[in-house]
Structure formats: structure tokens, C-alpha cells
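A short write-up of the structure that comes next.
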Amino acid sequence: MYKVAGLTTAPGALGLIPGTVFAASDEKSDTSLKMDELSLYTTPQQKFRYVEPEVGQLEQNVALLRKTLQPYTTWCQQTGLDVTEKAQGIYREFKPKVETSIQFGKDSYEYLRDPPAGFYPRVGVIGFAGILGLFLARGSRIKKLIYPTGLMALATSMYYPQQAASVAKVTGDKVYDWSLQGYVTVENLWKGKPITKQVKEKTDKAEQKPQESSTESKD
Numbered sequence: 001m002y003k004v005a006g007l008t009t010a011p012g013a014l015g016l017i018p019g020t021v022f023a024a025s026d027e028k029s030d031t032s033l034k035m036d037e038l039s040l041y042t043t044p045q046q047k048f049r050y051v052e053p054e055v056g057q058l059e060q061n062v063a064l065l066r067k068t069l070q071p072y073t074t075w076c077q078q079t080g081l082d083v084t085e086k087a088q089g090i091y092r093e094f095k096p097k098v099e100t101s102i103q104f105g106k107d108s109y110e111y112l113r114d115p116p117a118g119f120y121p122r123v124g125v126i127g128f129a130g131i132l133g134l135f136l137a138r139g140s141r142i143k144k145l146i147y148p149t150g151l152m153a154l155a156t157s158m159y160y161p162q163q164a165a166s167v168a169k170v171t172g173d174k175v176y177d178w179s180l181q182g183y184v185t186v187e188n189l190w191k192g193k194p195i196t197k198q199v200k201e202k203t204d205k206a207e208q209k210p211q212e213s214s215t216e217s218k219d
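In terms of full-length UniProt numbering, the sequence shown has 64 at position 64, counting the first letter as 1, and numbering is strictly consecutive.
Laid out in C-alpha cells, this is it:
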């Protein structure tokens, strides 16, 4: 606001007294207050302090029960881990065999779906040889086992000589190993020597014989 001083004339002695006259300004002052300046909307600062809750009887019982059952739960977890590891080991052990069997079934199916020429007549001859062996082996269980197997093997070797030779070689090696183990077992029972030592000695001797024969043939 601006002050404007001036002298006013008035009758008597009042005209000689100076006075102050205030003139209104064109600008208006902003007298409004903000909302946060009002005491009604101000929030006093609060201070919180964490207080530990008191442990009740239920919590104590639960803690005691958990402490009592902890050894059993640990044992169950360890047993579960052991069982899982054993199951995984068995699965890893049998997985190749199962995959081999599945692959063999698939190969057999593909082979039978499109067999080579003369396959079914050969199968018929081999089957007839087995039936003939059963007919000839009447009255003896040993003959029923030997005759059909021998005649079927003979008929198979006529049509598949290479495969029959390889199978005969593997079978001969297996039979030789089994007979050697049986001989060592009987000898151990007779002399009282450890079985493992006897088997090792006989196996080493059996392995040395083919090597010596091969060196002699080279000479």
C-alpha cells in the first residue's frame, strides 16, 4: 500500500494539524492458506518401537514337539535320499538293457515286416526240426532238452553258417569257463585251497596257452 501525505483544510485549528491518508492499491495480496498449513490437517510425527510378543503355551508345545521329532525327520529325509539314489542307480543299470531290448524289438518288427526272400520257409524247416526232435525224444526229459535244441541248431547252421559259427564260438567259451570254474571249485573242496586263487591261476594258464600257440605259429 502506498502512503500519500497531504494537508487538509478544515475550519479552526484542526486545519493546521497534518494527517496521513492511506490510498487503496490496485494489487490484492493473497491471504489464502495451504491445506498443510492448517492445524486440522497436520499429522504429528509418530515413533514406533517393536515389542517382542510373549511366547504362549501353544508355541512352547509346538517347539518342544518339533525338537522331539527332529531326529526322526532327519532319518526319514536321509532314508528317502538313499532310496532315491538306489532307485537312480538301478535305473541307470537297467536303462541300457531296456533300451537294447526295445531296439531289438523294433529291429525284429522291421525285419519281419519286410523279410528277405525264403525267410518263412527257413523258419518252417527250423521249427519242423524242433518238432521232430520232440518226437524222437519221447520218454526221456534229457532227450527232450537235447534233441530239439540240437536239430534246430543244425537246421539253423545250414541256413546261417556265419552266425552259427559266431554263436558256437561264444557258447564254447562260456561252457569252457563254466567247466573250469566247476573244476576249480571241486579241486578247492578236495584240497582246501581258496577258490579265488585257484580260479585266477587256472584262468591265467588258460590265457597263456592261446598266446603261446600264436607265437609258435608266427615263428
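Virtual Cβ for every residue (Gly too), placed ideally from N, Cα, C.
**Study point:** 8 Å Cβ cutoff met for Ala-129 and Leu-145
**Key:** The count along the sequence shown starts at 1 and reaches residue 129 at position 129. The count along the sequence shown starts at 1 and reaches residue 145 at position 145. No; because the gap between Cβ atoms is not below 8 Å, this pair is not in contact.
Check your understanding: What first and last residue would you give for the alpha helix (DSSP H) that runs through Pro-121?
Key -> By one-based count along the sequence shown, residue 121 stands at place 121. Per DSSP, Pro-121 belongs to the alpha helix (DSSP H) from 119-136.
Practice item. Would you check if the distance between the CB atom of Leu-112 and the CB atom of Leu-132 is smaller than 8 Å? Key: Within the sequence shown, the letter at position 112 stands for residue 112. Within the sequence shown, the letter at position 132 stands for residue 132. No; because the gap between Cβ atoms is not below 8 Å, this pair is not in contact.
Point to revise | For Ser-157, three-class secondary structure by DSSP | key: Taking the sequence shown and counting its residues from 1, one reaches residue 157 at position 157. Collapsing the DSSP output to three states places Ser-157 in a helix.
**Study point:** Euclidean distance between Cα positions of Lys-106 and Asp-114
**Key:** For this step, residue 106 is matched to residue 106 along the sequence shown. For this step, residue 114 is matched to residue 114 along the sequence shown. Each residue's alpha carbon lies about 13 Å from the other.
Review point. To the nearest angstrom, how far is it from the Cα of Thr-74 to the Cα of Gln-57?
Key: Position 74 of the sequence shown, counted from the first residue, corresponds to residue 74. Position 57 of the sequence shown, counted from the first residue, corresponds to residue 57. Going by the C-alpha atoms only, they are around 26 Å apart.
Point to revise | Val-123 versus Pro-161 - alpha carbon distance | key: Locating residue 123 in the sequence shown gives position 123, where the first residue counts as 1. Locating residue 161 in the sequence shown gives position 161, where the first residue counts as 1. Roughly 15 Å between the two C-alpha positions.
Point to revise | Residues of its chain near Lys-97, where Cβ-Cβ distance is below 7 Å and the 5 sequence neighbours each way are ignored | key: By one-based count along the sequence shown, residue 97 stands at place 97. Result list for Lys-97: empty, nothing under 7 Å.
Point to revise | Sequence-distant residues of the same chain with beta carbon closer than 6 Å to Pro-148, five excluded per side | key: Within the sequence shown, residue 148 is the residue found at index 148, counting from 1. Gly-130, Gly-133, Leu-134.
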